[in-house]
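Numbering (the numbering used here), first residue to last: 51 to 434.
Shown next as structure tokens:
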């Protein structure tokens with residue numbers, strides 16, 4: 051309230067209340083009224099943006115949400131600490147289990163790099179040698195420069211011609227004025243016709259001058275964005291990749307790839323799409339199987355399904371009701387939390403993988419992927 055008793059209107063919140071309280075009560079020693087918060091000690095949080103993981107950090111996306119690169123040293127007990135996380139648009143940053151899918155950076159990066167080197171190997175085989183390729187590129191650039199020089203000379207000639215015509219036009223206009231004073235209609239008619247022809251020629255020369263300027267700009271653009279430069283640099287990339295440091299490799303990946311998209315297609319399977327900058331390589335995809343699926347809490351609906359059907363329903367039918375749970379996870383939860391394992395003695399011998407969910411089996415069946423296969427071959431995609 052102001053001294054005059056007027057109420058001051060508050061502005062829109064800068065951050066959401068949930069996020070503000072999450073941050074405040076984990077860092078503050080007192081509440082908003084100044085009362086000490088018992089058992090609360092200050093914590094320090096660190097960013098790991100400079101860690102050497104995530105080659106595709108600036109090129110990776112998903113149709114299922116935002117993809118971020120995260121430092122996670124204990125994920126699947128790997129030496130490499132980086133993971134890519136797909137976060138649903140409506141998720142907050144407060145709970146890890148809200149992430150749609152988590153994939154080790156190395157798994158995706160290594161597949162993309164392997165495919166890139168395969169593509170470059172195909173490219174290098176088409177060329178007799180990098181030296182011949184560079185020599186041809188020099189010839190092409192030389193021809194373009196020669197054409198630009200010719201165009202510049204033509205533009206200069208037009209400028210000079212237009213200048214001469216403009217001077218002639220000025221003289222003709224004076225002669226027309228003289229004919230008008232002398233009341234010589236025949237002479238005036240001839241001079242006006244000459245003026246018309248000069249103006250028409252100036253206009254035609256101007257049209258040609260603009261056409262030449264446009265042609266020059268196109269040639270200069272072709273030189274600046276030389277078609278051969280990408281292929282030349284890609285071949286050099288292959289020869290030096292093993293010696294490059296991480297940051298250099300990330301820069302080269304950015305140079306070769308327009309974008310990578312990862313999408314979860316079943317509990318364990320991830321689709322990887324690559325849109326290459328090299329036009330002949332186009333847009334392609336493959337499927338990769340994660341070792342671990344998403345870790346999430348059992349919902350009340352899932353628990354009710356297990357309690358109701360675990361004792362009587364066949365394994366496949368029960369898994370179909372829990373499409374993202376493996377039989378191993380279902381059996382473990384039933385034994386540890388519901389004390390139900392003795393009811394399924396008839397299912398000790400299984401014809402399915404304990405580590406496959408129903409969505410995994412359906413996906414593998416739809417794509418003709420055999421058991422114990424961790425990835426599928428690259429296939430072309432139509433450009434979007």
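Where is the CB? At the ideal position from N, CA and C, for every residue including glycine.
Note that this is a predicted model, so its numbers are computed, not measured.
Of the other Cβ atoms in all chains shown, fewer than 16 fall within 10 Å of the Cβ of residue 203; this residue is therefore exposed. Ranking 261, 110, 103 by CA distance to the CA of residue 313 puts 110 first. As the crow flies, the alpha-carbon of residue 425 is around 4 Å from that of residue 338.
In terms of Cα proximity to residue 427, the closest of 369, 189, 410, 336 is 336.
Under the 10 Å beta carbon count, residue 102 is surrounded by fewer than 16 other beta carbons and is classified as exposed.
DSSP places residue 377 outside any beta strand (DSSP E); the residue lies instead in the alpha helix (DSSP H), whose first and last residues are 377-387. When secondary structure is reduced to three states using DSSP, residue 405 falls in the coil class, being assigned neither helix nor strand. Taking C-beta atoms under 8 Å as the contact rule, residue 162 and residue 106 qualify, at a distance of about 6 Å.
Per DSSP, residue 329 lies in no alpha helix (DSSP H) segment and is marked neither H nor E. For residue 313, the enclosing beta strand (DSSP E) stretches over residues 307-314.
Within the same chain, Cβ atoms closer than 7 Å to the Cβ of residue 153 are found at 133, 134, 312, 320, 340, the five residues on either side in sequence being excluded. C-alpha of residue 403 to C-alpha of residue 174: approximately 43 Å in a straight line.
Shown here for residue 123: same chain residues with a beta carbon closer than 8 Å to its own, the five before and five after excluded, namely 131 in chain order. Contact between the segment 299-313 and the segment 227-240 is absent: fewer than 3 CB-CB pairs across the two stretches fall below 8 Å.
Looking at the backbone, the Cα of residue 330 and that of residue 305 are separated by about 16 Å. For residue 431, the uninterrupted beta strand (DSSP E) segment begins and ends at 429-431.
With a minimum length of 4 residues, the unbroken runs of alpha helix (DSSP H) contained wholly in the segment 209-276 fall at 235-274. Between residue 215 and residue 252, the CB-CB gap stays under 7 Å.
When rounded, the separation of the alpha-carbon atoms in residue 356 and residue 401 is 20 Å. Between residue 378 and residue 368, the beta carbon gap of about 13 Å keeps them out of contact (Cβ cut-off 8 Å). Between the beta-carbon of residue 413 and that of residue 316 there is about 4 Å, and that keeps the pair under the 8 Å contact cut. Listed as beta-bridge partners of residue 151 by DSSP are 136. From the listed residues 411, 385, 347, 382, the smallest Cα separation to residue 373 is found for 411. In this chain, the alpha helix (DSSP H) harbouring residue 356 covers 350-359. Taken atom to atom, the span from the alpha-carbon of residue 210 to that of residue 228 is near 28 Å. Residue pairing by DSSP places residue 121 opposite 132 in a beta bridge. Secondary structure note for residue 105: it is in no alpha helix (DSSP H), with a DSSP letter that is neither H nor E. Rounded to the nearest whole angstrom, the C-alpha separation of residue 114 and residue 310 is 13 Å. According to the DSSP secondary-structure assignment, residue 338 is paired through a beta bridge with 320, 425. When the alpha-carbon of residue 333 is set against those of 307, 385, 297, the nearest one is in 307.
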